[in-house]
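Enquirer: Residue numbers (my numbering): 6 to 82. For glycine and all other residues, C-beta sits at the position ideal for the given N, C-alpha and C. Below are the structure tokens for one structure; questions will follow.
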Amino acid sequence: MGQQLIKKEIFKGQLDPGFLAKSILKHPQFVRFDEEKNEAIFEFIIGIPNTDWLVIAGVNLNERGKVRVIDIVMPEL
Numbered sequence: 006m007g008q009q010l011i012k013k014e015i016f017k018g019q020l021d022p023g024f025l026a027k028s029i030l031k032h033p034q035f036v037r038f039d040e041e042k043n044e045a046i047f048e049f050i051i052g053i054p055n056t057d058w059l060v061i062a063g064v065n066l067n068e069r070g071k072v073r074v075i076d077i078v079m080p081e082l
């Protein structure tokens, strides 16, 4: 099974931390720590409002608590 990378522009304005917090269907999974950028990388399964989409959102969290969405992937079912 593959995965389809989704352009973040589709979700422009929706991918703020509040949106992610309301849309999380599974607790975040720690992926790794990026020592170069000093950021922790997590993945969430989220449901996209007004659609039947379930996607995996990859986010980085820095030491100041700032969240940055790095990618969105739709798993092929």
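Please classify M6: does DSSP put it in a helix, a strand, or coil?
Expert: Reliability of the predicted coordinates at M6 is poor, the pLDDT of 44 falling under 50, and no value is obtained from them.
Enquirer: Among I51, K42, H32, which one has its Cα closest to the Cα of R69?
Expert: That would be K42, whose Cα lies nearest to the Cα of R69.
Enquirer: Hey, out of I50, V64, A45, whose CA is closest to H32's CA?
Expert: It is I50.
Enquirer: Consult DSSP for P54 and reduce its assignment to one of helix, strand or coil.
Expert: In this structure, P54 counts as coil in the three-state DSSP scheme.
Enquirer: Starting from G63, trace the beta strand (DSSP E) both ways and give me its first and last residue.
Expert: 59-67 is the extent of the beta strand (DSSP E) around G63.
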